[in-house]
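Same order as they appear, the protein sequences are chains P and F.
Numbering of the first sequence is given in UniProt numbering, commencing with residue 1 and proceeding in unit increments.
Numbering of the second sequence is given in UniProt numbering, commencing with residue 1 and proceeding in unit increments.
Protein chains: 2
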Amino acid sequence: MRSPQSLRNGGVGGGGTPSPHARIPTPHHHFHSTVSVQKLKRFNSLILVFRLSTFCFSLASAVFMITNSRGSGSDSPRWYDFDAFRYVFAANAIVAVYSLFEMIASVWEISREVTLFPEILQVWFDFGHDQAFAYLLLSADSAGTALAITLKGTDTCKVTSAFCVQSTISIALGFAGFLFLGLSSLLSGFRVVCFVINGSRFHF
Amino acid sequence: MRSPQSLRNGGVGGGGTPSPHARIPTPHHHFHSTVSVQKLKRFNSLILVFRLSTFCFSLASAVFMITNSRGSGSDSPRWYDFDAFRYVFAANAIVAVYSLFEMIASVWEISREVTLFPEILQVWFDFGHDQAFAYLLLSADSAGTALAITLKGTDTCKVTSAFCVQSTISIALGFAGFLFLGLSSLLSGFRVVCFVINGSRFHF
């Protein structure tokens, strides 16, 4: 395994040009590096917490939606009869799978001190997907909300109110997932900026 | 008015610490600065085009929605009877006003070579609002789409189909506005990164 010092100077995945001073290792440099590793661990732990929250909420949302079928008659409401509810389920399931993957990548990075992909790919991959999936999840939950509000006044909700309550809970859980995904996106955006400035994850 | 040279070295709004070399002006520095000013003008013109497109599409969307009332009877559909359509109108109106303001700021910057607000405030203001309003607009348009799809099967669309067609057009225009707002957001994000790295808008 590479030492933190070699990682700090852009040893993995490139992007940073080593400065002339890098050839002279000083005690100050080493101290700085150790502090940076500690800070990075704390930062990564925070990201891991946000990923875990996103995963829990979006998985719960998807499960609540997929189990939302009342009765077996032809006139009883089922979640897959509504476009917006299918969209809510699909978006939450995608985000849950993505969060699971990111959690594995995050645990890998915390335990081994190297990123799963090359560093430059990893920071841009995280940020890009966080942004795209945040838009996807918000769009799905908004569509679900609009449908839920429309359904409220109709016979569907008067006859089987449990169906409407369960959809509403599912959508609310989806919004909570979006909140944590947005926070992850902020942190991964910050990581991209740090990487662009220093050519390494090891400076804050 | 300050010269581009003084702006380049973080003269407005700070954020950048002047390097020791900044004290020695060279012909090369001046040449570089002129090229940067040219590049910045082209970059700002591109942002202006995106802002103008956002403004046109979101204004058109808001106008299409607000004029969407059929008949004067109590059973004829009106846009303000539907929560999601009111949300679409509000979001598009807000984005139209914001884009108009940003267009003025952009024209100001191109013509006078200084930003309307202090530089650091301006770049973060632009980026923050672009991101927030992009989420808002996508959310509103998704909600509108979900309602429009639900309405399609009901009597409202069978009796007065013009109402549904006009809502759909308004929502589609809103999505086009979102697309250009997203592009503006990318460029203003790039400007923030440039500003954080160099402490000035004048480096690409």
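Each residue gets a CB set at the ideal place from its N, CA and C atoms; glycine is no exception.
From a predicted model like this one, the values you see are computed outputs, not experimental measurements.
Using the beta-carbon count (16 or more within 10 Å), is residue i buried or exposed?
i          : result
Gly-174(P) : buried
Arg-42(F)  : exposed
Thr-150(P) : buried
Leu-153(P) : It is worth fixing the name first, because residue 153(P) is Gly in this sequence and not Leu. So Gly-153(P) counts as exposed.
Leu-46(P)  : exposed
Gln-38(P)  : exposed
Ile-104(P) : exposed
Val-159(F) : exposed
Ser-72(F)  : exposed
Leu-121(P) : exposed
Thr-145(P) : buried
Gly-189(F) : buried
Distance, Cα to Cα, residue i vs residue j?
i          : j          : result
Glu-109(F) : Gly-177(F) : 23 Å
Phe-55(P)  : Ser-33(P)  : 32 Å
Val-49(F)  : Val-35(P)  : 46 Å
Gln-166(P) : Val-165(F) : 32 Å
Leu-179(P) : Asp-155(P) : 32 Å
Asp-75(F)  : Leu-100(P) : 50 Å
Leu-138(F) : Arg-112(F) : 34 Å
Thr-115(P) : Leu-136(P) : 26 Å
Arg-78(F)  : Gly-199(P) : 56 Å
Leu-187(F) : Cys-194(F) : 11 Å
Gly-182(F) : Ala-143(P) : 19 Å
Asn-92(F)  : Tyr-80(F)  : 15 Å
Phe-171(F) : Ile-169(P) : Phe is not the amino acid found at residue 171(F); the sequence shown has Ile there. Taking the straight line joining both Cα atoms gives about 27 Å.
Ile-66(F)  : Asn-44(P)  : 48 Å
Tyr-87(P)  : Asn-68(P)  : 14 Å
Glu-102(P) : Leu-52(P)  : 9 Å
Ala-90(F)  : Val-107(P) : 43 Å
Asp-141(F) : Ala-84(F)  : 8 Å
Phe-82(P)  : Ala-148(F) : 13 Å
Would a check of beta-carbon distances place residue i closer than 9 Å to chain C?
i          : result
Gly-128(F) : As a matter of chain content, chain C is missing from the structure shown, whose protein chains are P and F.
In the DSSP output, what is residue i paired with across the bridge?
i         : result
Ser-61(F) : DSSP output for Ser-61(F) lists no bridge partner at all.
For residue i, which residues in the same chain have their Cβ closer than 6 Å to its Cβ, ignoring the five residues on either side in sequence?
i          : result
Arg-191(P) : Val-123
Arg-23(P)  : Confidence at Arg-23(P) is low in this model, with a pLDDT of 45, below 50, so the placement of that residue should be treated as unreliable; the coordinate-derived value is given next. Cβ neighbours of Arg-23(P) beyond the five flanking positions: none.
I'd like the list of long-range same chain contacts for residue i, defined as Cβ closer than 7 Å, with 5 residues on each side in sequence excluded.
i          : result
Phe-117(F) : Phe-125
Ala-96(P)  : Phe-55, Ser-58, Leu-59 and Ala-62
Ser-161(F) : none
Ile-197(P) : none
Phe-64(F)  : Gln-166, Ile-169, Ser-170 and Leu-173
Tyr-98(F)  : His-129 and Phe-133
Arg-70(P)  : Ser-76, Pro-77, Thr-160, Ala-162 and Phe-163
Excluding the 5 residues preceding and the 5 following residue i in the sequence, name in chain order all residues of the same chain whose CB lies nearer than 8 Å to its CB.
i          : result
Ser-185(F) : Phe-127, Asp-130, Gln-131 and Ala-134
His-21(P)  : Because the pLDDT of His-21(P) is 45, which lies under 50, any placement of that residue in the model is unreliable, and the question is left without a value.
Cys-157(F) : Leu-151, Phe-163 and Cys-164
Ile-94(F)  : Phe-133 and Leu-136
His-28(P)  : Reliability of the predicted coordinates at His-28(P) is poor, the pLDDT of 44 falling under 50, and no value is obtained from them.
Secondary structure, alpha helix (DSSP H): runs of 4+ residues fully inside the UniProt domain "Casparian strip membrane protein" (44-180) of chain F = 83-112, 119-152 and 155-159
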